[in-house]
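A short worksheet on the structure shown next.
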Amino acid sequence: MANDAILRSSLICLGVLVLVIGFYTYSFKKMFVTYVFGLFAIAGALLPDWEFFDRDFSQWTSPMPADNNDTNSSQRSQSRW
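Here's what the structure looks like:
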C-alpha cells in the first residue's frame with residue numbers, strides 16, 4: 001500500500017465506531033458484525049494492488065515485470081487523496 005497512514009487512521013476510526021456502537025447498543029454481536037464489515041470494507045477499498053490483480057489469473061503467482069512497477073509507483077506518488 002502506498003500510504004500506510006490512511007490505513008492506520010481508517011482502522012482507528014473503525015475501532016472508535018465499534019466502541020460507540022457497543023456502548024450504545026450493549027450488544028457484543030453488533031460490535032463484532034460492525035468490526036468484521038468494517039475490516040472488509042477497508043480492505044476492499046485500500047489494500048488491493050489492482051495492477052497486480054488485473055493480470056490473468058494464471059500469472060498471479062509470478063512477479064510483475066519491473067518496468068510496470070516503475071511506471072505505477074510514479075503514478076501513485078503523484079496522486080494524493
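Mapping the sequence shown onto UniProt numbering, position 42 (from 1) lands on 42, and the numbers just tick up by one.
C-beta: ideal position from N, C-alpha, C; glycine also.
Here the structure is a predicted model, which is why all the values come from computation and not from measurement.
Where T34 and C13 are concerned, what is the direct C-alpha to C-alpha distance, given to the nearest angstrom?
-> Here the question's residue 34 lines up with position 34 in the sequence shown. Here the question's residue 13 lines up with position 13 in the sequence shown. Spanning the two alpha carbons is a distance of roughly 12 Å.
List the whole-angstrom C-beta distance separating S10 from L46, where the pair is believed to meet the contact cut-off of C-beta under 8 Å.
-> Here residue 10 refers to the residue found at position 10 when the sequence shown is read from its first residue. Here residue 46 refers to the residue found at position 46 when the sequence shown is read from its first residue. Contact flag correct, Cβ pair sits at about 7 Å.
Pick helix, strand or coil for Y35, following the three-state DSSP scheme.
-> Stepping through the sequence shown from its first residue, residue 35 is reached at position 35. The answer is helix: DSSP assigns Y35 an H, G or I state.
Between L7 and G38, which are expected to be in contact by the criterion C-beta below 8 Å, what is the C-beta distance as a whole number of angstroms?
-> By one-based count along the sequence shown, residue 7 stands at place 7. By one-based count along the sequence shown, residue 38 stands at place 38. Your pair L7 and G38 does not check out as a contact, with CB atoms roughly 12 Å apart and the cut at 8 Å.
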